Amino acid sequence: MKHRTARFLEERINLGPVRDWIRRKAVPEHKYSVWYYFGGLALFLIVVQIITGILLAFYYSPTPSKANESVRFIMEKVRYGWLIRSIHFWGANFLIAVVLVHMFSTYFMKAYRKPREVMWVLGSLILGLLLGFAFTGYLLPWTTLSYFATKIGVNTPRVLPLIGNYLSRIMMGGSDVGAATLQRMFTLHTVVLPLLALTLIILHVLLSQVFGSSVPLSQSNYDKQMRFFPDYLLRDAAVWTVGLAILLTFATVFPASLSAKVNPLQPAPAGTKPMWYFLFMYQSLRMYSRTAAIGSIALGALVWMAVPFLDRKSAKGKKSTFFTLFGLALLIYLVSMTVFADISMKIH
Ligand code: HEM
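Just so you know, we're using the numbering used here here: the sequence shown kicks off at 7 and counts up by one.
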């Protein structure tokens, strides 16, 4: 059967170059090769998010009168609906965690250096889109908690000069969070962001095939390579299987919860807090003036994206201690602000 399909294709298109490429593709083996698996794991989790997201969209209704009820229906009536929603919920958390590991590992290996600068910029944009997915998805269950958390989020840009108010109104589709906001978040979450993210991810992964995996400068005298097909791909598949097993364990042992429907007349519930990946922003906003915090985060993100163009030493194959320290400082800042926010919320 396989033979026939191959012959059918062979008679119509020349598969020679593809076969050659598959045979030739190899992955460098050295001390830090294990970090290469995180990009592939992120790719796998994206696929899980797309599949579970499509399944949820069959039942979800983006209107204030039906949103919460439709999610409850998914959790209580649809066969395995609770599992699909819980996988989607935990998958989002895992994906962001895996992408963060992938980003910092490629950073410290200086994989962004010439010729992979564009891969880095695309990666940074993808991370921004992933945070966008998380933000827009949070409102969809239309719970009082998600309502107030979104209210804080969409009002945050207001501190920006000139465009702040406008941006905030665009996000809400009016002057307050309501039906229009829910419709907007849904369209962003299920149409706009997936289209943008898929385009950038395809480009990112295509470039990773064009350039192959980089080798950290410190390992430049590595002497082993592994064939991609089938040796490396099998290992990739093993990592995906372990990832899926952990994801399923979390989804079944700690299913996603669903609190009460929005009641805008109620005061903000005590537990209103952002997801863990937004905590560093939340803490920065609490500690510094809003304008200073948002200004520095926006500037920091731009500098981070431009690192491949600023780090001239790595581009020339030289050690660049300054950028290693810069990455380390950022990592310490993010972790400490997140932990600090978490602890201070538990105390209050
Ligand atoms: C959903 C998000 C992402 C997916 C699916 C993804 C996927 C991948 C894959 C499959 C590879 C090749 C294997 C590897 O080296 O790990 C790769 C490489 C790379 N990625 Fe990503 N990535 C994502 C996000 C990011 C982010 C946020 C950054 C940084 C800002 C980034 C920067 C890079 C770089 C620099 C490489 C080249 C690594 C090397 O050649 O050694 N990626 N990515």
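Where a beta carbon is used, it is the ideal one built from N, C-alpha and C, also for glycine.
Owing to the predicted nature of the structure, the values given are computational and were not obtained by experimental measurement.
Between the options, which has its C-alpha nearest residue i's C-alpha?
i    : options                   : result
V248 : F44, L308 and F14         : F44
F50  : D26, Q225 and L253        : L253
L166 : K322, P68, G301 and L62   : G301
R164 : S152, Y153 and M178       : M178
S224 : S263, K324 and T156       : K324
S152 : P280, F346 and F14        : P280
S320 : I90, Y118, L62 and R78    : Y118
K120 : L135, R190, L47 and P222  : P222
P275 : L308, I158 and M191       : I158
R91  : Y144, G138 and G46        : Y144
V245 : V104, W96, I19 and L15    : V104
D237 : A32, S174, Y42 and F114   : A32
L331 : R10, A185, F114 and P200  : F114
A347 : F329, S219, T278 and L316 : T278
S39  : R29, G218 and A251        : G218
W436 : D26, S263 and A63         : In this structure the chain extends from 7 to 354, so residue 436 is not present and cannot be described.
N269 : H36, S226, V77 and F154   : F154
K37  : T255, T196 and Q231       : Q231
L137 : R296, F100 and T58        : F100
F328 : Y42, I132 and L316        : L316
H94  : A63, L188, I19 and M191   : A63
L334 : F110, T205 and A251       : F110
I56  : S342, L201 and R233       : L201
T255 : W96, I132, I52 and A312   : W96
L340 : M287, L271, A243 and S326 : M287
K322 : T344, E82, I28 and K116   : K116
F235 : V24, L213, V77 and I338   : V24
T258 : Y86, G22 and T11          : Y86
Check whether the Cβ of residue i sits closer than 7 Å to any heavy atom of the ligand HEM, and report yes or no.
i    : result
M109 : yes
F315 : no
L49  : yes
G333 : no
S219 : yes
V211 : yes
A186 : no
A117 : yes
V216 : no
Y355 : The requested residue 355 is not part of the displayed model; the chain covers only 7 to 354.
L201 : no
I52  : yes
R29  : no
V105 : yes
F14  : no
S130 : yes
M125 : yes
G22  : no
G45  : yes
T112 : yes
R175 : no
Y42  : yes
R241 : no
R233 : no
Throw me the rounded Cβ distance for the residue i and residue j pair, which I believe falls under 8 Å.
i    : j    : result
A140 : I102 : 7 Å
T149 : K267 : 7 Å
N71  : W310 : Per the sequence presented here, residue 71 reads as Ser, with Asn not at that position. Contact doesn't hold; Cβ gap of about 42 Å is too wide.
L194 : Y66  : Not confirmed; about 14 Å, so no contact.
L135 : A203 : 5 Å
P261 : W126 : Not confirmed; about 37 Å, so no contact.
L199 : T142 : 7 Å
H108 : A48  : 6 Å
S220 : R292 : Between R292 and S220 the Cβ distance is about 39 Å, and since that is not below 8 Å, they are no contact.
L285 : T196 : With 8 Å as the limit, L285 and T196 do not qualify as a contact, their Cβ atoms being about 26 Å apart.
I132 : H210 : 6 Å
V160 : S181 : Rounded, the Cβ-Cβ distance is 11 Å, inconsistent with contact.
If you follow the beta strand (DSSP E) that residue i is in, where does it begin and where does it stop?
i    : result
R233 : K230 to R233
Going by the DSSP bridge assignment, what does residue i pair with across the sheet?
i    : result
K267 : T149
A370 : The structure shown does not extend to residue 370, since the chain spans only 7 to 354, so no value can be given for it.
Kindly indicate the opening and closing residues of the alpha helix (DSSP H) around residue i.
i    : result
S71  : Segment: none, S71 is in no alpha helix (DSSP H) and carries neither H nor E.
K116 : Segment: none, K116 is in no alpha helix (DSSP H) and carries neither H nor E.
R85  : Segment: none, R85 is in no alpha helix (DSSP H) and carries neither H nor E.
K279 : That residue, K279, is in no alpha helix (DSSP H); it is neither H nor E in DSSP.
K319 : R318 to A321
P200 : L199 to F217
G179 : No alpha helix (DSSP H) contains G179, which DSSP labels as neither H nor E.
R190 : A185 to T193
T327 : T327 to I353
R241 : L239 to V259
A48  : Y43 to A63
Q289 : L285 to M293
If we cut at 8 Å on Cβ distances, does residue i have a partner in chain C?
i   : result
S39 : The displayed structure is made up of one protein chain only, and chain C is not part of it.
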